[in-house]
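Chemist: Chains G and R, in that order, give the protein sequences. Quick note: the first sequence uses the numbering used here, first residue 8, plus one each step. Quick note: the second sequence uses the numbering used here, first residue 8, plus one each step. Beta carbons are placed, not taken as given, at the ideal position from N, Cα and C, and that holds for glycine.
There are 2 protein chains.
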Amino acid sequence: MESKTSTSEKILDIAQSLIVAGGYNGFSYADISAAIGIRKASIHHHFPTKAELVSVLVDRYKRQAESGLESVRKQFSSPAEQLRSYLNYWQTCIRDASPSFCVCAMLAGEMQMLPEEVASRIRAHFHNLARWLTSVLRAGVEQGLFRLNNRPEEEAQMLMASVHGAMLSARAFSDPGLFTKIVTPQITKLLGQDC
Amino acid sequence: MESKTSTSEKILDIAQSLIVAGGYNGFSYADISAAIGIRKASIHHHFPTKAELVSVLVDRYKRQAESGLESVRKQFSSPAEQLRSYLNYWQTCIRDASPSFCVCAMLAGEMQMLPEEVASRIRAHFHNLARWLTSVLRAGVEQGLFRLNNRPEEEAQMLMASVHGAMLSARAFSDPGLFTKIVTPQITKLLGQDC
DNA sequence: GACAATCTTCCTACCAGAAGGTAGGCGAAA
DNA sequence: TTTCGCCTACCTTCTGGTAGGAAGATTGTC
Chain G
8 MESKTSTSEK ILDIAQSLIV AGGYNGFSYA DISAAIGIRK ASIHHHFPTK AELVSVLVDR
68 YKRQAESGLE SVRKQFSSPA EQLRSYLNYW QTCIRDASPS FCVCAMLAGE MQMLPEEVAS
128 RIRAHFHNLA RWLTSVLRAG VEQGLFRLNN RPEEEAQMLM ASVHGAMLSA RAFSDPGLFT
188 KIVTPQITKL LGQDC
Chain R
8 MESKTSTSEK ILDIAQSLIV AGGYNGFSYA DISAAIGIRK ASIHHHFPTK AELVSVLVDR
68 YKRQAESGLE SVRKQFSSPA EQLRSYLNYW QTCIRDASPS FCVCAMLAGE MQMLPEEVAS
128 RIRAHFHNLA RWLTSVLRAG VEQGLFRLNN RPEEEAQMLM ASVHGAMLSA RAFSDPGLFT
188 KIVTPQITKL LGQDC
C-alpha cells in the first residue's frame with residue numbers, strides 16, 4: 008500500500024524545487040539525475056527536451072493551483088476567509104520552505120528568455136490567479152465585506168503584486184515572517200478597518 | 008569630446024542588461040564578448056571571475072541607487088513628491104525598457120544559489136532601500152501628510168514589495184502600464200484620500 | 001495457458017557545443 | 001621598463017541531447 012509516485016512525477020517534483028531555487032537556467036538534467044538516482048538519458052526518455060519538461064511542469068502547477076483555489080472557494084463561504092486561506096497557504100509554504108516561492112513567479116522574472124511555449128503558460132497562470140482574486144474581491148464587495156478604492160480587477164492586481172513582492176522580500180531578507188507582515192495588512196485594508 | 012565609457016563600464020552595462028533579462032545563470036562571458044566585440048579572455052582581464060564581476064556590478068548599482076535616492080530627497084522637499092519621483096523613475100524605466108527591472112530584485116529571486124559575496128550585497132541593497140522608504144514615510148507622517156495604518160518600517164516593506172511585485176506583473180503580462188496601475192494607488196492610500 | 005510481438009523503462013556510451021577560466025604573448029602608453 | 005588592455009590558443013567541466021540495447025511488463029493470437 009505504498010504511495011506510488013511515478014518516476015516522471017518525481018522528476019517534475021525535483022525540477023520544480025530546483026527552479027524555485029534558481030530559475031530556468033539554474034538547473035540541469037544532471038542535477039535531477041543526481042537527485043533521484045536515475046541516468047540523464049532516462050530523464051530524456053520521459054521529457055525529450057528541457058522546454059518540454061518545464062512546459063509539463065508549469066501545466067501541472069497551473070492545474071494544481073486552479074483546483075486548489077476552487078476548493079478554497081468551496082470550503083469557505085466568506086470571501087474574506089477565502090483570501091485569508093490563500094495567503095495562509097503561501098505563509099505555510101514559505102515558513103516550511105516546502106516550495107518557498109511560486110514557480111510561475113520565479114519563471115516570470117526570466118520571461119524574456121524563456122521558450123515561448125513556457126512563457127505563454129506562465130502568462131496563463133497569472134491570468135488565472137488574477138481572475139480568481141478579482142472574483143473573490145467582487146464577491147466581497149457585493150456582500151458589503153470589502154471596501155475597495157479601485158475596481159476589483161485593479162485591486163486584484165495590487166494584491167497579487169503584493170504577494171509576489173512579499174515572497175521576494177522574505178527571500179532577500181531570509182525572513183519568512185516578513186511575508187506575513189507585508190501581506191496581512193492588505194486584507195485589513197480591504198476590510199476597511201482602517202477608517 | 009566623445010563620452011568616454013571605459014571598457015569595464017561597458018562590460019558592466021551589458022552584463023547588467025543581461026542579468027535583468029535572465030538572471031545570474033542567464034548570461035555568460037561569451038554573451039558579453041559578442042555584445043561589445045571583445046574577446047572572452049579580455050573580460051577575464053577586467054573581472055577574473057563571474058562572481059567578482061557580478062559583485063562589482065551590484066556594488067555599482069547600489070551606489071547609483073543610493074546617490075539617486077539622496078538626490079531625490081534633495082530635489083523635492085515633500086515626502087509625497089519624493090515617493091512619486093521614486094516610483095516615476097521605475098515607471099519610465101519600465102516603459103522605455105531601459106533597465107526594465109531592478110537588478111537586485113532579479114538576483115534576489117536566485118538568492119539561494121548565488122555566491123555569498125553577491126548575496127550579501129543584494130541584502131544590503133534591500134536594506135538601504137527599505138531604510139530610505141522608511142525615512143520618507145516617517146517624514147510624511149511627521150508633516151501630517153501621510154496616514155499610516157502600520158509602523159513606517161512595515162509600510163516601507165509593503166511599498167517595496169508592491170514595487171517589486173508590480174515589476175514582475177508588468178513583465179508577466181507584457182504590460183508596462185500595469186506597473187503604474189498597481190503602484191500609484193499605493194501613494195493615494197498613504198495620502199489618506201480614501202477616507 | 002503458451003508464445004511471440006510490442007511497449008516501457010531504464011541503461012551505457014557517446015556527441016558537439018558552451019561554460020568558466022588559464023597561460024603567455026604583443027603593441028602602445030606612461 | 002613597466003604597466004595596461006587586448007589578443008590567440010588552450011583546458012576542463014558541464015550542457016542538452018542522441019543512438020542503441022537489455023530487462024521486464026503488457027499485449028494479442030492461437
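(1) Give every residue of the same chain whose Cβ lies closer than 6 angstroms to the Cβ of Trp139(R), excluding the five residues on either side of it in the sequence, and list them in chain order.
(2) Quick check: is the beta carbon of Arg91(R) nearer than 8 angstroms to any beta carbon in chain G?
(3) Looking only at C-alpha atoms, which of Ile18(G), Gly29(G), Thr187(G) and Gly30(G) sits nearest to Arg46(G)?
(4) Does the beta-carbon distance from Ile101(G) to Phe180(G) come in below 8 angstroms?
(5) Identify whether Asp20(G) lies in helix, strand or coil by the three-state DSSP scheme.
(6) Should His171(G) be flagged as near chain R, meaning a C-beta pair shorter than 8 angstroms?
(7) Which class does Met8(R) belong to by DSSP, given the choice of helix, strand or coil?
(8) Quick check: is the beta carbon of Arg102(G) nearer than 8 angstroms to any beta carbon in chain R?
(9) Taking just the CA atoms, how far does Ile194(R) sit from Ala42(G)?
(10) Pull out every residue of the region 31–49 of chain R whose Cβ sits closer than 7 angstroms to any Cβ of chain G, in chain order.
(11) Give the residues from the region 124–151 of chain G that approach chain R closer than 7 angstroms (Cβ to any Cβ), ordered along the chain.
(12) Using 8 angstroms as the limit for Cβ to Cβ distance, is Pro183(R) near chain G?
(13) Taking the alpha helix (DSSP H) that Ile43(G) belongs to, which residues open and close that run?
(14) Would the beta-carbon of Val65(G) fall within 8 angstroms of that of Cys109(G)?
(15) Check whether the region 22–35 of chain G touches the region 27–44 of chain R, counting contact only when three or more Cβ pairs, one atom from each stretch, lie closer than 8 angstroms.
(16) When you compare each of Met120(R), Met118(R) and Pro86(R) to Thr141(R) by their alpha carbons, which one comes out closest?
(17) Helix, strand or coil for Asp201(R)? Go by DSSP, reduced to three states.
(18) From the DSSP output, in three-state form, read off Gln193(R) for me.
(19) Looking at C-alpha atoms only, which residue of Leu175(R), Asn135(R) and Ala58(R) is the closest neighbour of Ala126(R)?
(20) Any idea what DSSP makes of Gln89(G), helix, strand or coil?
(21) Would you mind giving the Cβ-Cβ distance between Ser176(G) and Met167(R), rounded to the nearest angstrom? I have them listed as a contact below 8 angstroms.
Modeler: Result, derived from the coordinates:
(1) Its chain contains Leu76 as the residues whose beta carbon lies nearer than 6 angstroms to that of Trp139(R), once the 5 sequence neighbours on both sides are disregarded; these appear in chain order.
(2) False, the Cβ-Cβ gap to chain G never drops below 8 angstroms.
(3) Comparing alpha-carbon positions, the option among Ile18(G), Gly29(G), Thr187(G) and Gly30(G) lying closest to Arg46(G) turns out to be Ile18(G).
(4) In terms of Cβ geometry, Ile101(G) and Phe180(G) do not form a close pair [threshold 8 angstroms].
(5) Judged by DSSP in its simplified three-state form, Asp20(G) adopts helix.
(6) With its beta carbon less than 8 angstroms from one in chain R, His171(G) belongs to the interface.
(7) Unreliable positioning characterises Met8(R) in this predicted model, as indicated by a pLDDT of 33, which lies under 50. The coordinate reading is nonetheless provided below. In the structure shown, Met8(R) sits in coil (DSSP, three-state: anything other than H, G, I, E or B).
(8) Chain R contact via Cβ: absent.
(9) Rounded to the nearest whole angstrom, the C-alpha separation of Ala42(G) and Ile194(R) is 47 angstroms.
(10) Within the region 31–49 of chain R, the residues whose Cβ lies closer than 7 angstroms to any Cβ of chain G are, in chain order, Asn32 and Gly33.
(11) If the cut-off is 7 angstroms between Cβ atoms, the region 124–151 of chain G has Ile129, Arg130 and Phe133 near chain R.
(12) So no, Pro183(R) is outside the interface.
(13) Here the alpha helix (DSSP H) through Ile43(G) covers Tyr36 to Ile43.
(14) Contact check for Val65(G) against Cys109(G) fails: the beta carbons are separated by 8 angstroms or more.
(15) Output reads yes: the region 27–44 of chain R touches the region 22–35 of chain G.
(16) With distances taken between Cα atoms, Thr141(R) lies closest to Pro86(R).
(17) With a pLDDT of 47 at Asp201(R), under the threshold of 50, the modelled position of this residue cannot be trusted; read the value that follows with caution. Coil at Asp201(R), not helix or strand.
(18) Residue state, collapsed to three classes: helix.
(19) Minimum Cα distance to Ala126(R) is reached at Ala58(R).
(20) DSSP places Gln89(G) in helix when its eight states are reduced to three.
(21) Indeed they touch by this definition, with Cβ atoms about 6 angstroms apart.
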